[in-house]
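Student: Once you know that position 195 of the sequence shown is 195 in the UniProt record's numbering, the rest is easy, because the numbers rise by one and skip nothing.
Please find one structure pasted underneath; my questions will follow.
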Amino acid sequence: MSVLTYPEAVGVGLLQGVTELFPVSSLGHSILIPALLGGHWKHDLDVSADGSLYLNELVGLHLATALALVVYFWRDWVRVIRGLTTSITQRRIETVDQKLAWLIITACVPVAVAGVALDKVFRTTLGKPVPTAIFLALNGIVLFVTEQLRRGGTGRRRAGAAVAPGEEHLSADEQSDLRITRMTIRQAVTIGAAQILALCPGISRSGSTISAGIFKGLGHEDSARFAFLLATPVIGGAALLKLPPLLGPQGNGLRGPLLAGSVAAFVAAYLATRFLVRYFEDRTLIPFAIYCSVAGLGSLAYFTLA
1 MSVLTYPEAV GVGLLQGVTE LFPVSSLGHS ILIPALLGGH WKHDLDVSAD GSLYLNELVG
61 LHLATALALV VYFWRDWVRV IRGLTTSITQ RRIETVDQKL AWLIITACVP VAVAGVALDK
121 VFRTTLGKPV PTAIFLALNG IVLFVTEQLR RGGTGRRRAG AAVAPGEEHL SADEQSDLRI
181 TRMTIRQAVT IGAAQILALC PGISRSGSTI SAGIFKGLGH EDSARFAFLL ATPVIGGAAL
241 LKLPPLLGPQ GNGLRGPLLA GSVAAFVAAY LATRFLVRYF EDRTLIPFAI YCSVAGLGSL
301 AYFTLA
């Protein structure tokens with residue numbers, strides 16, 4: 001079994017922190033880039049290799065990414081937790097915070113079940129460069145189609161994008177939460193279920209949820225915000241499930257590099273979140289669609305023709 005070196009851990013941490021939140025697939029890049037680099041990177045960072053802990057290490061880095069999301073959205077999570085607590089104690093779902101808490105919980109159920117049930121399939125069958133390159137190209141196509149359909153009419157009806165009378169005093173985040181909570185439970189679950197696609201290496205979690213949110217009537221900014229809120233418990237929970245092997249004898253020699261990689265992932269994820277929240281205020285998915293299509297097709301050509 002290969003041991004992740006410090007340079008590899010820091011490099012993968014930076015890569016994971018950025019690509020987990022950008023709609024370009026962190027797992028896809030974590031598979032393709034080592035394979036393209038070759039040498040010890042290809043050997044050490046192989047998800048599908050027998051006895052490899054690389055996927056555990058990758059998911060372990062997600063804990064740092066989830067922490068970065070919690071730090072960035074800490075005010076929101078305080079309100080969400082307060083809303084969930086009051087909803088349970090008072091047995092009602094009336095306020096924006098209470099509604100948002102239950103939308104997040106119910107939306108995370110489908111991907112949680114699928115992640116546990118299909119983990120081995122995705123690791124052994126799809127965690128290879130060629131399928132990953134194909135999925136990355138498809139991810140680009142999905143992002144592009146989402147924008148084209150939105151411009152053509154689908155998704156134009158946003159969930160109350162304008163500020164209604166009496167809401168002017170609310171902060172921008174509170175106004176966004178209010179728009180999000182105008183969705184039904186069914187709509188939220190559909191958006192959350194889109195995260196299942198991200199189990200395929202090359203398909204972006206944030207890209208899938210943002211696209212689904214746009215299809216359900218949210219604007220780019222609200223879709224991105226809801227996607228990041230959904231990602232926090234999902235990637236944090238997945239990381240906690242993958243950590244035990246790394247804490248036992250199998251993790252000897254890995255914990256130091258993993259800690260260094262986690263610090264890198266935290267910093268990269270925090271900066272990526274800060275950038276994207278502002279980016280989606282007035283911009284679209286098109287640049288990411290072009291990148292994924294070109295990178296996916298280019299990688300596919302390299303691995304099939306080289």
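Cβ coordinates follow ideal geometry from the N, Cα and C atoms, glycine included.
Express the C-alpha separation of Q187 and P305 in angstroms, rounding to a whole number.
Tutor: Rather than Pro, the amino acid found at residue 305 in this sequence is Leu. Each residue's Cα considered, the two are about 43 Å apart.
Student: Which same chain residues end up closer than 7 Å to L229 when comparing Cβ atoms and leaving out the 5 residues on each side of it in sequence?
Tutor: Around L229: F73, D76 and I104.
Student: Between the segment 216-234 and the segment 30-45, can you find at least three pairs of beta-carbon atoms closer than 8 Å?
Tutor: The segment 30-45, when compared against the segment 216-234, does not touch it at the 8 Å Cβ threshold.
Student: May I have the straight-line CA-CA distance separating A101 from I290, to the nearest angstrom?
Tutor: If I take the Cα positions, the gap works out to 34 Å.
Student: Buried or exposed: L69, going by 16 or more other Cβ atoms within 10 Å of its Cβ?
Tutor: So L69 ends up on the buried side.
Student: Could you pull out every residue in the same chain whose Cβ sits closer than 8 Å to the Cβ of R274, ignoring the five residues on either side in sequence?
Tutor: Same-chain partners within the cutoff: Y72.
Student: What's the C-alpha gap between E57 and I93?
Tutor: Roughly 39 Å between the two C-alpha positions.
Student: Count the other CB atoms, across all protein chains shown, that sit within 10 Å of the CB of R157; report buried if there are 16 or more and exposed otherwise.
Tutor: Annotation note: pLDDT 42 at R157 (below 50); position unreliable, no value reported.
Student: Please list the segments of the alpha helix (DSSP H) lying wholly inside the segment 178-205, counting only runs of 4 or more residues, in order along the chain.
Tutor: If we require 4 residues or more, the alpha helix (DSSP H) runs fully inside the segment 178-205 come out as 185-193.
Student: Take P64 as the anchor and find which of R82, T89 and I235 has the nearest alpha-carbon.
Tutor: Note on identity: in this sequence residue 64 is Ala, with Pro being the wrong assignment. Closest by alpha carbon: I235.
Student: For the 8 Å Cβ check, are there 3 or more pairs between the segment 105-118 and the segment 192-208?
Tutor: These segments touch.
Student: Rounded to whole angstroms, what is the Cα-Cα separation between S25 and T86?
Tutor: Computed Cα separation, rounded: 36 Å.
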